[in-house]
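Start counting the sequence shown at 1; every next residue gets the next number (the UniProt record's numbering). Working notes, beginning with the structure itself.
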Amino acid sequence: MFIGCRTDADRALLTPRGELVRGGARILAAKLTELPAGTARVDADMSGVSFMDTAGLEFLEVLREHGRRRSVPVTATRWTGQPRRVLELAGLDPTDPSCARLWGRRNACTCSRRRWSNCGRRSRPAR
């Protein structure tokens, strides 16, 4: 996996490319530490991600935690193909799975926690 980064004023645009698997979250964490001070928003264009397994969901957790720690909005949008399907199966909104209404709740429905209560009124995914 490779993560490109472009900054414009106080906004950072991350562009991951390749397969989002084990280790992808570590690459993201390193990239986030390289962002300039004063970055007020982080957006990730996920259209270049061709494959994602459940370990790739940790990527979203790292992105969300960065936003929480820095008090900046973060997004992960433009999911396509197989990665989008993984998000749907995990019960996440594929238009922006990092959104606060899902991730900001104490009992948010994340695949790693296997909790389906208090999940933005979403039904449990079919098996």
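Glycine included, each C-beta is placed from N, C-alpha and C at the ideal position. Nothing here was measured: the structure is a model prediction, and the numbers come from that model.
### Task
Please report the residue range of the alpha helix (DSSP H) in which G81 lies.
The residue labelled residue 81 in the question sits at position 81 within the sequence shown. G81 to L89 is the span of the alpha helix (DSSP H), which, as asked, contains G81.
#### Entry: P73 versus E61 - alpha carbon distance
Residue mapping note: residue 73 aligns to position 73 of the sequence shown, counting from 1. Residue mapping note: residue 61 aligns to position 61 of the sequence shown, counting from 1. Annotation: P73 to E61 spans about 14 Å, alpha carbon to alpha carbon.
### Query
Within the chosen definition, does the region 7-17 reach the region 40-56 through at least 3 CB pairs nearer than 8 Å?
Contact between the region 7-17 and the region 40-56 is present, because at least three Cβ pairs lie under 8 Å.
### Task
Provide the residue span of the alpha helix (DSSP H) that contains G56, from first to last.
Numbered from its first residue, the sequence shown carries residue 56 at position 56. Counting along the chain, G56 sits inside no alpha helix (DSSP H), nor does DSSP assign it H or E at all.
### Message
Which same chain residues end up closer than 7 Å to R84 when comparing Cβ atoms and leaving out the 5 residues on each side of it in sequence?
### Response
As a position in the sequence shown, residue 84 is number 84, starting the count at 1. In its chain, beyond the 5 residues on either side, P94 have a beta carbon closer than 7 Å to the beta carbon of R84.
### Task
Return the CA-CA distance between W79 and D45, expressed in angstroms with no decimal places.
Sequence index remark: in the sequence shown, residue 79 carries index 79 (1-based). Sequence index remark: in the sequence shown, residue 45 carries index 45 (1-based). Cα to Cα, the separation comes out at about 8 Å.
### Query
Which of the three DSSP states, helix, strand or coil, is assigned to M1?
Indexing the sequence shown from 1 puts residue 1 at position 1. Of the three classes helix, strand and coil, the one that applies to M1 here is coil, per DSSP.
### Task
Indicate the three-state DSSP secondary structure (helix, strand or coil) for A40 in the structure shown.
Residue 40 sits at position 40 when you count from the first residue of the sequence shown. In the three-state scheme derived from DSSP, where H, G and I count as helix and E and B as strand, A40 is classed as coil.
#### Entry: Length of the line joining the Cα atoms of T54 and L87
As a first step, residue 54 is located in the sequence shown; it is residue number 54 there, counting from the start. As a first step, residue 87 is located in the sequence shown; it is residue number 87 there, counting from the start. Cα-Cα distance, rounded: 9 Å.
### Query
Are there 16 or more other CB atoms within 10 angstroms of the CB of D43, so buried, or fewer, so exposed?
Locating residue 43 in the sequence shown gives position 43, counting from the first residue. Result: buried.
#### Entry: S47 beta carbon near the ligand NAP (any heavy atom closer than 7 Å)
This structure simply doesn't include the ligand NAP, nor any ligand for that matter.
### Query
First and last residue of the alpha helix (DSSP H) that includes G23?
In the sequence shown, residue 23 corresponds to position 23, counting from 1. First-last for G23: undefined, no H or E at that position.
### Query
Would the beta-carbon of R22 fall within 8 Å of that of L13?
Translated into positions along the sequence shown, residue 22 becomes position 22. Translated into positions along the sequence shown, residue 13 becomes position 13. No, these two residues do not count as a Cβ contact at 8 Å.
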